[in-house]
Structures are given as structure tokens and as C-alpha cells.
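Engineer: Numbering (my numbering), first residue to last: 68 to 194.
(1) Distance, Cα to Cα, residue 162 vs residue 96?
(2) Put residue 121 into one of helix, strand or coil per three-state DSSP.
(3) Spatial neighbours of residue 120 within its chain, please: CB distance less than 6 Å, with the 5 preceding and 5 following residues excluded, ordered by chain position.
(4) Have a look at the DSSP bridge pairing and note the partners of residue 162.
(5) Below 6 Å CB to CB, which residues in the same chain sit around residue 90 once its five sequence neighbours on both sides are set aside?
(6) What are the residues that DSSP puts in a beta bridge with residue 116?
(7) Hey, quick one: how far does the beta strand (DSSP E) through residue 142 stretch, first residue to last?
(8) Let me confirm a value: residue 111 is counted as buried when at least 16 other C-beta atoms fall within 10 Å, else exposed. Which label applies?
(9) Just to confirm my understanding: we take residue 131, look at its own chain, exclude 5 residues before and 5 after, and list those with CB closer than 7 Å. What are they?
(10) If you check the beta carbons only, do residue 165 and residue 124 fall under 8 Å apart?
(11) By alpha-carbon positions, which one of 179, 114, 103 and 102 ends up nearest to residue 92?
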């Protein structure tokens, strides 16, 4: 019974959509940490991502080269330093900021934002 309810919507969806958009540019700001590199790996494997930009203050071009060896359609570029942030964010559809600083007792979320420089620079370019 449930199959009859679901099936007409699947047929209708096929009739209205002729192609699927799979050319998203994703930028990861703060991409040189361990968790950030794992996130970038999952984004590289995702078939919806066609361009992946990695940005951090250091070591990002090496991580980008490592990810570029994975055979998927997504192109990976690494950017490091405040002067390259604007290039990393250019034409980005999705911007991910994995803020990786530990929150100490008494710290507010604004304090975390203050201590994480790529996040501050990203917000200044995006607003």
C-alpha cells in the first residue's frame, strides 16, 4: 500500500526534471586540521561537488595535492594566507567553517569567533 502512495511522486519527479545540477563549488575555511581534512575528503567524494577550495593559514596546498590524487570529478585547489582568501571564496556556492578551537570555561561563542582568524576574514568578505 505504501508503495502505491510513493510511486506516483517518483514518476512525476522524473517528468519534471531533465537533469540534475551537480556543479557546486564548496570552500572549506580552516582546512588544515585533522577533522577538517576528513571533511574535505568526504566533500571530494561527493558527486554534487565539482570544485573544492581549501583555505587555511598554513599547510593547505599539501592537503589539496593529497586530495587531488583521488579520482573523482571534483577539482581541488589549496589556498593559504589572508591574501588568498578572496580567491578561495570567489563564486563559492557553499562555505564551510569548521571552527576547531576548544571552548574554555567562561568563553562565549563570540570569543570563539574572535580567536579564529579565517572565520573573521571569511565573514568580512561574505557580508
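Beta carbons are placed, not taken as given, at the ideal position from N, Cα and C, and that holds for glycine.
Structural biologist: On the basis of the coordinates in this document:
(1) Your numbering for residue 162 matches position 95 in the chain shown. Your numbering for residue 96 matches position 29 in the chain shown. Residue 162 and residue 96: Cα-Cα distance of roughly 7 Å.
(2) Working through the chain shown from its first residue, we reach residue 121 at position 54. Of the three classes helix, strand and coil, the one that applies to residue 121 here is strand, per DSSP.
(3) The residue labelled residue 120 in the question sits at position 53 within the chain shown. Only 94, 144 and 155 meet the Cβ criterion.
(4) For the purposes of this step, residue 162 is taken as the residue at position 95 of the chain shown. Beta-bridge pairing links residue 162 to 94.
(5) Your numbering for residue 90 matches position 23 in the chain shown. Excluding positions up to five away in sequence, the list reads 117.
(6) Within the chain shown, the letter at position 49 stands for residue 116. BP columns for residue 116 point to 91.
(7) Your numbering for residue 142 matches position 75 in the chain shown. Start and end: 142-147.
(8) In the chain shown, residue 111 corresponds to position 44, counting from 1. Under this definition residue 111 is a buried residue.
(9) In the chain shown, residue 131 corresponds to position 64, counting from 1. These residues qualify, in order along the chain: 121, 143, 144 and 145.
(10) On the chain shown, residue 165 is found 98 positions in, with the first residue counted as 1. On the chain shown, residue 124 is found 57 positions in, with the first residue counted as 1. Result no, Cβ atoms of residue 165 and residue 124 do not sit closer than 8 Å.
(11) Counted from its first residue, the chain shown places residue 92 at position 25. Of the candidates 179, 114, 103 and 102, the one whose C-alpha sits nearest the C-alpha of residue 92 is 114.
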